[in-house]
Structure formats: C-alpha cells, structure tokens
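Engineer:
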Amino acid sequence: MLDAASLFNESYYLSHNPDVMAAVGAGILTSGFQHFIEAGQFENRQPSAWFEPDFYLALYPDVRTAVSRGETTAFQHFIEAGQFENRDPLTEFFTDIYLDRNPDIATAVTADLLTAYEHFVKSGQAEGRSPGPNFDTAFYLTHHPDVAALVRTGQISAVEHYLLFGASEGRLATENNSPLVLNDTLELGVLETRNLTGTTSPATSPQRYRFRVDNPTQVSLLLSRLSDDIQVTLYQDYNSNHLLDVTEAIATDTEPGTRAKLLNRVLNPGDYSLAIAAQNELTSYHLSLATLPLSNSYPNFTENPELYPQNLGFLSSDILLSNIVEPNNSPEIYQFTLDTTTPVEIELNGLTADVDLFLIQNSPETAEIFTESTTPGNQPETITQPALEPGNYSVWVNPVEGETPYHLNLSPDHSTELETRTLDLPPPIFDPNFGFGLVDAAAAVARVLGEPTPFPQVANPIVNNYALDAINVPTVWDRGYTGEGVVVAVLDTGIDLTHRDLQGNLWVNVGEIAGNGLDNDNNGFINDVQGYDFVDGDGNPSFSHSTERHGTHLSGIIGAQRNGIDGTFNGGVPFDVTGVAYNATLMPLRVLDDRQSFDEFEIAVANGIRYAVENGAKILNLSLGNLPGEPPTERIAEALRFARDRGVVAIFAAGNEGPARTTQPADPAIRATTGLGIAVGAVDRDRRVAPFSNPAGSAFGPYPFLVAPGVGIRSTTPNQNYFTIDGTSMSAPYVSGVVALMLQANPNLTPAEVERILIETANRSSLWV
Numbered sequence: 007m008l009d010a011a012s013l014f015n016e017s018y019y020l021s022h023n024p025d026v027m028a029a030v031g032a033g034i035l036t037s038g039f040q041h042f043i044e045a046g047q048f049e050n051r052q053p054s055a056w057f058e059p060d061f062y063l064a065l066y067p068d069v070r071t072a073v074s075r076g077e078t079t080a081f082q083h084f085i086e087a088g089q090f091e092n093r094d095p096l097t098e099f100f101t102d103i104y105l106d107r108n109p110d111i112a113t114a115v116t117a118d119l120l121t122a123y124e125h126f127v128k129s130g131q132a133e134g135r136s137p138g139p140n141f142d143t144a145f146y147l148t149h150h151p152d153v154a155a156l157v158r159t160g161q162i163s164a165v166e167h168y169l170l171f172g173a174s175e176g177r178l179a180t181e182n183n184s185p186l187v188l189n190d191t192l193e194l195g196v197l198e199t200r201n202l203t204g205t206t207s208p209a210t211s212p213q214r215y216r217f218r219v220d221n222p223t224q225v226s227l228l229l230s231r232l233s234d235d236i237q238v239t240l241y242q243d244y245n246s247n248h249l250l251d252v253t254e255a256i257a258t259d260t261e262p263g264t265r266a267k268l269l270n271r272v273l274n275p276g277d278y279s280l281a282i283a284a285q286n287e288l289t290s291y292h293l294s295l296a297t298l299p300l301s302n303s304y305p306n307f308t309e310n311p312e313l314y315p316q317n318l319g320f321l322s323s324d325i326l327l328s329n330i331v332e333p334n335n336s337p338e339i340y341q342f343t344l345d346t347t348t349p350v351e352i353e354l355n356g357l358t359a360d361v362d363l364f365l366i367q368n369s370p371e372t373a374e375i376f377t378e379s380t381t382p383g384n385q386p387e388t389i390t391q392p393a394l395e396p397g398n399y400s401v402w403v404n405p406v407e408g409e410t411p412y413h414l415n416l417s418p419d420h421s422t423e424l425e426t427r428t429l430d431l432p433p434p435i436f437d438p439n440f441g442f443g444l445v446d447a448a449a450a451v452a453r454v455l456g457e458p459t460p461f462p463q464v465a466n467p468i469v470n471n472y473a474l475d476a477i478n479v480p481t482v483w484d485r486g487y488t489g490e491g492v493v494v495a496v497l498d499t500g501i502d503l504t505h506r507d508l509q510g511n512l513w514v515n516v517g518e519i520a521g522n523g524l525d526n527d528n529n530g531f532i533n534d535v536q537g538y539d540f541v542d543g544d545g546n547p548s549f550s551h552s553t554e555r556h557g558t559h560l561s562g563i564i565g566a567q568r569n570g571i572d573g574t575f576n577g578g579v580p581f582d583v584t585g586v587a588y589n590a591t592l593m594p595l596r597v598l599d600d601r602q603s604f605d606e607f608e609i610a611v612a613n614g615i616r617y618a619v620e621n622g623a624k625i626l627n628l629s630l631g632n633l634p635g636e637p638p639t640e641r642i643a644e645a646l647r648f649a650r651d652r653g654v655v656a657i658f659a660a661g662n663e664g665p666a667r668t669t670q671p672a673d674p675a676i677r678a679t680t681g682l683g684i685a686v687g688a689v690d691r692d693r694r695v696a697p698f699s700n701p702a703g704s705a706f707g708p709y710p711f712l713v714a715p716g717v718g719i720r721s722t723t724p725n726q727n728y729f730t731i732d733g734t735s736m737s738a739p740y741v742s743g744v745v746a747l748m749l750q751a752n753p754n755l756t757p758a759e760v761e762r763i764l765i766e767t768a769n770r771s772s773l774w775v
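Numbering follows the numbering used here, with no gaps: position 78 of the sequence shown is 84.
Set out below in structure tokens:
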C-alpha cells in the first residue's frame with residue numbers, strides 16, 4: 007500500500023517551498039521530507055503532484071473536521087485510511103471510474119492486493135491508463151506532440167507532465183474540459199433574490215445562468231427538487247470573453263444523487279455563470295438564488311446579525327416561530343448554536359403552498375446542506391437528527407411556489423444529556439469499523455431506569471447460547487424485563503406461524519375475523535389476523551417456500567419462547583434457543599421473495615412499514631436491503647420518516663458486502679446516517695468484527711451504528727427446526743430484542759432517546775477487526 011515516501015517528491019517540495027529549500031541548504035534541515043513529516047503536513051503543504059490536501063479536505067468534510075480537531079492531517083488520513091476507503095486524493099483521479107474502466111485492477115483491489123490509487127501511481131500512469139474524466143491520456147499525447155516525445159523516452163508520464171507543467175501552461179487534458187461557449191445562456195443581469203425552475207438533459211447540458219455582482223455579496227445558490235443526478239458548477243469569467251475554462255470554476259457540487267446541492271459563497275464584483283449539467287437523463291430542478299448584504303469583513307455566522315437577523319442563539323428549549331414566506335423571496339433563515347451533542351427535531355407545518363426545509367451546517371467560511379425535507383405540496387416537513395454535534399447551524403425555509411404562512415418548531419431533547427452529565431460519563435467514541443460498540447442490554451435497561459451502573463451479572467440459564475451472554479441479556483431477565491407488551495414487526499420472508507417456539511408470541515389482530523373475506527377492522531386489509539403478506543397480497547404472512555427460513559430465524563432471535571432444551575448438536579450436546587425478549591409480541595410481515603424486482607421489493611417493504619406503524623408496532627426489524635448497483639430505496643426512506651414521526655424505532659442490518667471492501671452500510675441501513683434508525687454490524691464470539699460485515703464508515707460522522715453477535719447464530723427455522731446462520735441479518739434482531747426490553751421498562755421512550763441510550767451504554771472493550 008502507499009506510504010508517506012510513495013507520495014512525497016523531494017524536488018517538487020523544495021521547489022514549491024523556498025523557505026524549506028533555504029533551511030535544507032543551510033543545514034538546518036536534513037531534507038524536505040523531514041520538514042514535511044514534522045511540520046509541512048500540519049501546515050497543509052502539498053507533498054508532491056500526487057496529493058492535493060486542499061482538494062482532499064474540500065471533498066471530504068469528515069476529514070476536514072478531524073483535521074480541525076487536531077486528530078490527523080489530510081495526508082495522514084489518506085495514507086492510513088483514505089486510500090483503502092477509495093477516496094480520491096486529487097482532482098484528476100476518480101477511483102470509481104478507474105476501477106470501472108480497469109476490471110483487472112478492480113479484481114486486485116477486491117482481493118486486498120493493492121489500492122486503486124497505488125496501482126495508478128506505481129503502474130497505471132506508466133501504462134497510459136487514464137485516471138478519470140478530467141484527463142484523457144490519448145487526447146493529451148495526441149494534442150501535445152512535445153509531451154509525447156518526452157513520454158516515449160520514459161522520463162515522465164502523460165498525467166505527471168500535466169500535473170507538474172501542463173495545467174499551469176493551460177494545456178487541454180480532455181475534450182470534456184474545452185472551454186464552455188456561453189451562446190445559449192439565460193442572462194439574469196445584476197444578481198438578486200429569485201426562484202427559478204428548469205430542466206436539463208445530457209443532450210442540452212449544461213443549462214447556464216449568467217449574472218453580475220456589483221458589490222461584495224453573500225450569495226447562496228440552492229438547487230433542489232432534483233428528479234435525477236445533477237452537477238452544478240459556479241464559474242467566474244475573469245477575462246470577460248464569455249469562454250469559461252475549467253480553471254475558472256470557483257465552486258462545484260458533484261455529489262451524486264437527487265439530494266439538494268448548495269453553493270454558498272462571498273462573491274466579489276465581477277461576471278459569473280452557473281452551469282447545471284444532467285448526468286443521466288432529462289432532469290427537472292428548482293433553483294433558489296439568494297443574496298445577502300456583506301458587512302465590512304467576511305461573514306461570521308454566529309455574530310453577524312446583518313446576515314442572519316433571526317439568530318436564535320443557543321438552542322436549549324423548544325422554539326415555535328410563525329411567519330409568511332413568498333415565492334420570489336430568499337429563504338427565511340434561522341440561525342442556532344449547540345454547545346453539546348443534542349437530539350434535535352425540526353417541524354414545519356401550517357402550510358398552504360409548497361415549501362422545502364433544509365438544515366444547514368455552518369462554518370466560518372462556508373455552509374453545507376446537512377439534511378433536507380422536500381415533501382411535495384402543502385404537507386408538513388420534518389427533520390429529525392438523533393445526535394447533532396456541537397456547532398453552528400441554520401434552518402432554511404425555502405419557498406417553492408405560492409405565498410404561504412408557516413409554523414416552525416425546533417425541539418431539542420436534553421434529557422439524556424443531563425443524565426450523562428450527572429453520571430459524569432465520557433463522551434461516546436465512534437469507530438469507522440464498529441460504530442459505538444457492542445450493544446449492552448444490562449447497561450441500556452439500567453440507564454432507562456435511571457440506575458448509574460449496569461445490572462450485576464447473573465448465571466445464564468440458557469444452554470449453549472453465547473450471544474445472550476455477549477450482550478448481557480440474562481441479568482435483564484433477572485430484573486423482570488422480558489419484552490412483554492412490546493410489538494416487534496419482522497419485515498422479511500414470512501414466519502412459520504406454527505413453530506413451537508414462536509406460536510405463543512405471535513401478534514393477533516383482535517379486530518379481524520379469520521377466513522370471512524372481509525376487512526372487519528376497516529384497516530384496508532382483508533383477513534390480516536396475524537399480519538400480512540405484501541408479496542402475494544393476502545392475509546397469510548407465513549413463509550411460502552421451504553428455503554425461506556430467514557424471517558423465522560430472525561424471529562427466534564428476537565422472541566423465541568423460554569421453554570427449555572430445544573435439541574442437541576455435535577453428538578448430543580444440548581442447546582436452548584431463547585429470544586432476547588422472549589415475551590415480546592412478533593408481528594409477521596412478509597415483504598421479501600427471491601422473485602421480486604427492485605420496484606416490487608421497495609413497494610412491499612414501504613407498505614409493510616406503514617402497516618406495522620398503523621397497527622401498533624413499536625419496533626421495526628429490517629434485516630434486508632437493496633442489491634449492489636440498484637437505485638436508492640427512496641420509497642422505504644419515506645416510509646421510515648412516517649414511522650419516525652410516530653415514535654417507532656427502526657433497526658437495520660448493516661449488510662454483508664465486506665468482501666467487496668465496501669466502506670459504508672447498505673441501503674436502507676445507510677438511512678441511519680440521516681436519523682431514521684439504527685444500523686447494526688456483526689461480531690463473532692471472540693468480539694471480532696465479522697469480515698463480511700459492512701462497516702460504519704468515516705464519511706458521515708457519528709451516527710447510530712452498533713454491533714451485535716452475527717456469527718454462528720442458532721435459531722428457529724420452519725417445520726419445527728433449528729439452524730445456524732451467519733450475517734448482519736442475525737445481528738439486527740439482537741438489537742431489536744434489547745430495544746423491546748428497554749421499551750417495556752419505559753414505553754414512553756422516543757426513538758432519539760432509545761438511540762442515545764444505546765450509544766452511551768455500548769461496550770467497546772475487546773472489540774477488534
């Protein structure tokens with residue numbers, strides 16, 4: 007793998023740092039490398055043409071935050087973590103594109119033989135492989151014969167020449183970065199606050215807006231309501247010739263997906279253009295242009311009342327605001343500050359027209375969209391963050407169409423913070439491999455009851471069930487908590503409704519009469535006496551095929567009854583399958599089938615979530631996810647927001663894509679990063695993170711991610727059987743069971759409170775990768 011010496015170039019560093027060259031010449035330093043290791047990397051100096059610290063920090067906010075805290079440097083992060091997480095170290099290199107264009111390298115990377123960038127630096131550039139769409143090796147050599155002559159001698163590669171000389175000489179590196187000719191541009195004149203809608207496609211891209219700024223101005227360009235992926239770039243036409251070279255790009259947002267994009271900058275007087283480019287197909291968008299007067303210095307988001315006249319100060323209690331927003335006005339902006347990590351819920355209601363809600367994270371130099379709510383029409387907008395870190399934030403109420411009144415409610419939850427201070431606990435530490443740690447039932451339920459220490463250990467009455475010991479469940483049973491009265495919805499392949507360990511704990515819809523073909527309880531579903539099958543559309547949520555043991559297995563982990571020895575293995579060794587919450591109520595919902603298309607899968611799961619919420623479930627176990635390459639599960643995300651708004655806790659399996667070197671949870675487990683539930687990875691009996699388990703990742707900052715046993719898990723399977731299975735699918739129901747124990751202890755806990763307690767009581771000791 008690449009080390010510090012691999013990406014450092016002595017001559018480059020000395021030529022770009024005359025002070026270091028002078029110190030080396032005077033014998034004060036032995037080399038430029040010594041200076042870089044001891045000082046230069048902390049000063050954000052560039053070690054060579056192969057690593058751009060400013061680009062790396064701009065591209066990855068989580069790294070920027072870690073650097074600002076003194077935890078690492080940009081260079082150190084890339085060497086120790088970034089190259090393995092497939093992060094891009096300079097403008098011209100795109101890891102995903104490089105691996106897609108070079109399957110042989112992708113295979114080697116998957117096998118952990120090297121990293122993508124290591125191959126490019128050590129071999130790929132010399133082999134003439136192009137690093138991404140911003141540099142085409144064949145184009146560069148064809149259009150620059152002098153460079154081709156140098157490359158033939160083996161003195162330099164094409165891309166190295168471009169990085170060292172060609173870019174500063176203005177040489178074109180690809181047809182795609184030829185200057186944009188502004189011959190079909192919407193002229194806006196002097197920029198003022200306004201809202202626009204438009205469409206663009208690959209055939210007509212980019213859609214261009216040209217404007218002028220006459221005085222230093224704080225400008226926010228907010229692009230939302232995207233129907234497909236869009237790239238937005240802001241250019242300043244320095245020479246006023248209406249030709250915008252790539253070197254004139256001053257801000258860009260290329261984050262894939264339909265999430266809103268924000269360019270927030272202070273612009274000096276001059277001519278500017280905004281280019282909006284569709285990446286895949288015809289795409290619609292809503293563009294909000296907002297201008298704010300600039301004071302004598304760069305805006306301070308906390309102290310400058312001229313820019314943010316509606317500064318709410320520290321958010322320490324509920325705040326309710328009412329106002330009116332008009333379609334051609336700038337967003338209404340409300341600034342607030344947090345001094346501790348706090349769960350925050352923001353709700354916008356009372357609308358008569360369409361309005362979007364954005365939570366913006368502010369820094370002294372910029373602003374970035376943290377999360378958004380863009381429900382169509384006059385429906386309420388809600389943003390929930392279970393653990394918002396200390397810092398400065400602003401809420402933007404952005405008009406889409408029509409004038410409308412609104413009520414804005416900001417609600418912090420300090421209950422668990424106060425408890426933490428009282429107990430004098432250290433702040434939880436988030437690890438990119440296992441999140442906050444191993445779920446601990448004894449500590450979590452004790453915290454729910456206000457006890458300062460976990461319940462004392464007791465002997466495990468269950469035979470040969472290591473997982474229950476690992477998460478300290480028996481001691482909770484000893485205090486009388488078994489999940490009684492808590493409904494857990496199992497959204498999966500269906501459950502064996504006749505299994506002797508499950509039958510007594512299955513949910514029953516008391517308002518429905520079996521077999522009469524009527525919707526007796528008027529909930530929209532016929533004969534849903536014990537749940538519903540959203541695959542076949544009937545009231546029988548049992549498994550449909552002999553191979554469908556997944557849902558039955560999960561159900562046993564959560565709520566198999568405590569009824570003694572269940573069988574033997576290895577020549578007569580007894581075992582006992584008992585659920586974490588063995589008196590909980592299991593709601594069977596069949597949403598999975600191996601014949602489903604993606605759309606059928608997503609619709610079934612979303613409908614199952616809504617059914618569970620509307621019929622009394624307090625916990626959703628979602629040991630499922632989309633397949634690699636499939637679209638995001640937006641329908642499921644919307645259903646999860648519905649569940650969250652109604653106080654229902656969602657538990658996700660993180661995914662089993664570890665062998666593919668994935669760096670984050672699968673979808674919908676990734677929704678935990680936006681406050682919609684808890685993602686769960688897997689560990690084995692030795693507390694080692696399972697190699698197949700998707701990690702928490704380092705790209706999102708701390709969010710609810712825990713681990714639980716997921717290797718060698720024996721549980722119930724159809725036809726009165728028991729079987730041992732591995733997977734994060736098995737880990738998630740352990741957390742679902744623990745949450746059931748917590749909700750029996752206090753049925754009034756909110757999802758944010760459940761998540762906070764689990765995070766603060768998770769066990770990090772002896773976990774390893």
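Glycine included, C-beta positions come from ideal geometry on N, C-alpha and C.
Note that the structure is a prediction, hence the values are computed from the model and not measured.
Pull up the CB-CB distance for residue 768 and residue 446, whole angstroms please, since I reckon it's below 8 Å.
Structural biologist: Between residue 446 and residue 768 the Cβ distance is about 6 Å, and since that is below 8 Å, they are a contact.
Engineer: Please classify residue 267: does DSSP put it in a helix, a strand, or coil?
Structural biologist: Strand, per DSSP.
Engineer: With distance defined between alpha-carbon atoms, name the residue in 293, 441, 468 nearest to residue 237.
Structural biologist: For the residues 293, 441, 468, the minimum Cα distance to residue 237 belongs to 293.
Engineer: Taking the alpha-carbon of residue 412 as reference, which of 396, 388, 395 has the nearest alpha-carbon?
Structural biologist: When only C-alpha atoms are compared, the closest one is 388.
Engineer: Could you tell me which of 297, 215, 441, 544 sits nearest to residue 712, measuring between CA atoms?
Structural biologist: The shortest Cα separation from residue 712 among 297, 215, 441, 544 belongs to 441.
Engineer: Assuming residue 502 and residue 725 are in contact, meaning their beta carbons sit under 8 Å apart, how far apart are those beta carbons, in whole angstroms?
Structural biologist: With a Cβ gap of about 7 Å, residue 502 and residue 725 count as contacting.
Engineer: If we count the other Cβ atoms within 10 Å of its Cβ and call it buried at 16 or more, is residue 7 buried or exposed?
Structural biologist: So residue 7 counts as exposed.
Engineer: With distance defined between alpha-carbon atoms, name the residue in 29, 548, 266, 678 nearest to residue 707.
Structural biologist: Nearest option by C-alpha distance: 678.
Engineer: Please report the distance separating the alpha-carbon of residue 547 from that of residue 616.
Structural biologist: The straight-line gap from Cα to Cα measures roughly 16 Å.
Engineer: From residue 17 to residue 171, what does the alpha carbon distance come to, in whole angstroms?
Structural biologist: Looking at the two C-alpha atoms, the distance is approximately 14 Å.
Engineer: Figure out for me which residue from 621, 532, 544 has the closest Cα to the Cα of residue 493.
Structural biologist: Among 621, 532, 544, the Cα nearest to that of residue 493 belongs to 621.
Engineer: Let me know if residue 398 comes out buried or exposed under the rule of 16 or more other beta-carbons within 10 Å of its beta-carbon.
Structural biologist: So residue 398 ends up on the buried side.
Engineer: Identify every residue that forms a DSSP beta bridge with residue 236.
Structural biologist: Bridge partners of residue 236: 284.
Engineer: What three-state label does DSSP hand residue 505 in the structure shown?
Structural biologist: Residue state, collapsed to three classes: coil.
Engineer: Considering only C-alpha positions, which residue in the set 284, 564, 191, 145 is nearest to residue 735?
Structural biologist: If we check each option's Cα against that of residue 735, 564 comes out closest.
Engineer: Going by C-alpha to C-alpha distance, which of 338, 359, 225, 383 sits closest to residue 365?
Structural biologist: The residue with the shortest Cα to Cα distance from residue 365 is 338.
Engineer: How would you call residue 241, buried or exposed, if buried means at least 16 neighbouring beta carbons within 10 angstroms?
Structural biologist: Buried, because 16 or more other Cβ atoms sit within 10 Å of the Cβ of residue 241.
Engineer: Can you check whether the C-beta of residue 545 is within less than 9 Å of a C-beta belonging to chain B?
Structural biologist: As a matter of chain content, chain B is missing from the structure shown, which is built from one protein chain.
Engineer: Please determine if the stretch 583-590 and the stretch 458-476 are in contact, where contact requires at least 3 C-beta pairs separated by less than 8 Å.
Structural biologist: Judged by Cβ distances under 8 Å, the stretch 583-590 makes contact with the stretch 458-476, as three or more pairs qualify.
Engineer: Using the three-state DSSP reduction, which class does residue 119 fall into: helix, strand or coil?
Structural biologist: Coil at residue 119, not helix or strand.
Engineer: If you pair each beta-carbon of the stretch 754-768 with each one of the stretch 482-500, do three or more pairs fall below 8 Å?
Structural biologist: Counting Cβ pairs under 8 Å, fewer than three are found: no touch.
Engineer: Quick check on residue 774: buried or exposed, where buried means 16 or more other Cβ atoms within 10 Å of its Cβ?
Structural biologist: Residue 774 is exposed by the Cβ-count criterion.
Engineer: Going by the CB atoms, is the gap between residue 496 and residue 744 shorter than 9 Å?
Structural biologist: No, the pair does not count as a contact, with Cβ atoms beyond the cut-off.
Engineer: Is the distance from the Cβ of residue 498 to the Cβ of residue 557 below 9 Å?
Structural biologist: Taking 9 Å as the Cβ cut-off, residue 498 and residue 557 qualify as a contacting pair.
Engineer: Whose CA, out of 93, 477, 50, lies closest to the CA of residue 68?
Structural biologist: It is 93.
Engineer: Which residues in the same chain have their Cβ closer than 6 Å to the Cβ of residue 484, if we skip the five residues on either side of it in sequence?
Structural biologist: Contacts found: 464.
Engineer: Could you check what DSSP says for residue 489 in three-state terms: helix, strand or coil?
Structural biologist: Of the three classes helix, strand and coil, the one that applies to residue 489 here is coil, per DSSP.
Engineer: Taking all protein chains shown into account, do 16 or more other C-beta atoms lie within 10 angstroms of the C-beta of residue 257, making it buried, or fewer, making it exposed?
Structural biologist: With 16 or more Cβ atoms within 10 Å of its Cβ, residue 257 is classed as buried.
Engineer: Excluding five sequence neighbours on each side, which residues of the same chain lie with their C-beta closer than 6 Å to the C-beta of residue 154?
Structural biologist: Hits under 6 Å: 147.
Engineer: Can you round the beta-carbon distance between residue 539 and residue 596 to whole angstroms, since I take them to be within the 8 Å contact cut?
Structural biologist: Sure, about 4 Å apart at Cβ, within 8 Å.
Engineer: Comparing alpha-carbon positions, which option in 63, 102, 169, 56 lies nearest residue 128?
Structural biologist: When each option's Cα is compared against that of residue 128, the closest is 56.
Engineer: I'd like the list of long-range same chain contacts for residue 370, defined as Cβ closer than 6 Å, with 5 residues on each side in sequence excluded.
Structural biologist: Because residue 370 carries a pLDDT of 40, less than 50, the predicted location of this residue cannot be relied on, and the following value inherits that uncertainty. Correct list: empty, nothing qualifies.
Engineer: Can you tell which of 770, 555, 761, 656 has its C-alpha closest to the C-alpha of residue 729?
Structural biologist: For the residues 770, 555, 761, 656, the minimum Cα distance to residue 729 belongs to 555.
Engineer: Do you know offhand how far residue 434's Cα is from residue 345's?
Structural biologist: Using only the alpha carbons, I get a separation of about 16 Å.
Engineer: Checking the sheet assignment: what are the DSSP bridge partners for residue 687?
Structural biologist: DSSP, once it has assigned bridges, lists 713 as partnering residue 687.
Engineer: Between which residues of its own chain and residue 580 is the CB-CB distance below 6 Å, once the five residues before and five after are set aside?
Structural biologist: So the list reads 469, 571, 574, once near-sequence residues are dropped.
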